[in-house]
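In our numbering, the protein residues as written are 52 to 202.
Below is one structure, written out as structure tokens; comments come after it.
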């Protein structure tokens, strides 16, 4: 890899989370791994029985062997790269999360892996055998007129 100078005028990133990275410049190798259990509950209070669900080996997604990477197909293209500089004017990113990367520069080898198990805890489910049928809760709120509009 030919060493280059990376020049960025402006980067605005709101958040970088969970094994993610921002890198300006050339890199030989980067590896990131993240695993998470995300729990979405109907009721906001803590339920101690959910503690039993927080065991990574319990879920197949965390113990499955990752399939080998598929070698990239050869692409015939013609391009010109200034061998000395990479210039970027402005980047605006809302978020980089879960073993992801913003990279401005060259990279030889990259290996990023993220495994997330989503757990939904609802009051009712009409068909517990089919988790794709999960009802949305209807919220009943009394209608109030904004102040100053009451008659």
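Every residue gets a Cβ at the ideal spot worked out from N, C-alpha and C, and that includes glycine.
Status (buried if at least 16 other CB within 10 Å, exposed otherwise) for residue 141 | Within the chain shown, numbered from 1, the residue matching residue 141 stands at position 90. Burial call: exposed.
Residue 84 by DSSP, collapsed to three states: which one?
-> The residue labelled residue 84 in the question sits at position 33 within the chain shown. In the three-state reduction of the DSSP assignment, residue 84 falls in the strand class.
First and last residue of the uninterrupted beta strand (DSSP E) at residue 121 = For the purposes of this step, residue 121 is taken as residue 70 along the chain shown, with counting starting at 1. No beta strand (DSSP E) holds residue 121; DSSP gives it neither H nor E.
Residue 63 versus residue 81 - alpha carbon distance | Here the question's residue 63 lines up with position 12 in the chain shown. Here the question's residue 81 lines up with position 30 in the chain shown. Rounded to whole angstroms, the separation of the alpha carbons of residue 81 and residue 63 is 22 Å.
DSSP state of residue 62 mapped onto helix, strand, coil = Taking the chain shown and counting its residues from 1, the one referred to as residue 62 is at position 11. DSSP, read as helix, strand or coil, puts residue 62 in strand.
Secondary structure at residue 149, three-state DSSP: helix, strand or coil?
-> Counting from 1 along the chain shown, the entry for residue 149 is found at position 98. In the three-state scheme derived from DSSP, where H, G and I count as helix and E and B as strand, residue 149 is classed as coil.
Can you tell me whether DSSP reads residue 109 as helix, strand or coil?
-> As a first step, residue 109 must be located in the chain shown, where it is residue number 58. Correct three-state label for residue 109: helix.
By Cβ distance, which residues of its chain are closer than 6 Å to residue 194, with the 5 residues on each side in sequence left out?
-> Taking the chain shown and counting its residues from 1, the one referred to as residue 194 is at position 143. For residue 194, the predicted structure reports a pLDDT of 42, less than 50, and the residue's modelled location is therefore unreliable. The matter cannot be settled from this model.
Would you kindly report the start and end of the unbroken beta strand (DSSP E) that includes residue 116?
-> Residue numbering aside, residue 116 sits at position 65 when the chain shown is read from its first letter. From DSSP, residue 116 is part of no beta strand (DSSP E); its letter is neither H nor E.
Are residue 112 and residue 59 closer than 9 Å when you measure CB to CB?
-> Indexing the chain shown from 1 puts residue 112 at position 61. Indexing the chain shown from 1 puts residue 59 at position 8. Not a contact, by the Cβ cut-off of 9 Å.
Sort 57, 75, 83 by Cα distance to residue 69 and report the nearest one.
-> Residue mapping note: residue 69 aligns to position 18 of the chain shown, counting from 1. 83 is the residue among 57, 75, 83 whose C-alpha sits nearest the C-alpha of residue 69.
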